[in-house]
Every structure is written in structure tokens, then in C-alpha cells.
């Protein structure tokens, strides 16, 4: 019995244009995890920058 992967579409913005690309359900899940990690990293970086600036300000 052959199993087919479910495909869905995501909107990709590249060079000012939007295109819909087909991705499998597994690829969509991985992309969502990647985006969540990127958001977490942005928050972590912002917190570190704030701490560094506060530390630097305290040294003045």
C-alpha cells in the first residue's frame, strides 16, 4: 500500500513578489518549528542586548 504525503501551500516572499510553494505536511511542521526557534532567539538576543547596555551604563 503506497502512502502519499499530504501537500499544502505556503506563501513565499522573494524579491518583492509572493509565490505559493507546495510543501509536505512534515516540511510545514519543520518550518513552523524553525520559525518558533527564530522568534525565541530574537527574544534572547534582545534580552542580552538590554543587559549589556544596562551593564555598560552602570560602568559609566
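Residue numbers (our numbering): 13 to 72.
All C-beta atoms in this analysis are idealised placements derived from N, C-alpha and C, irrespective of residue type, glycine included.
None of the values given here were measured: they were computed from a predicted structure.
In the DSSP assignment, find the alpha helix (DSSP H) that holds residue i and state where it starts and stops.
i          : result
residue 72 : Counting along the chain, residue 72 falls outside any alpha helix (DSSP H), and DSSP gives it neither H nor E.
Can you tell me whether residue i is buried or exposed? The criterion is at least 16 other CB atoms within 10 Å of its CB, across all chains shown.
i          : result
residue 52 : exposed
CA-CA distance, residue i and residue j?
i          : j          : result
residue 54 : residue 45 : 14 Å
residue 42 : residue 56 : 21 Å
residue 27 : residue 66 : 38 Å
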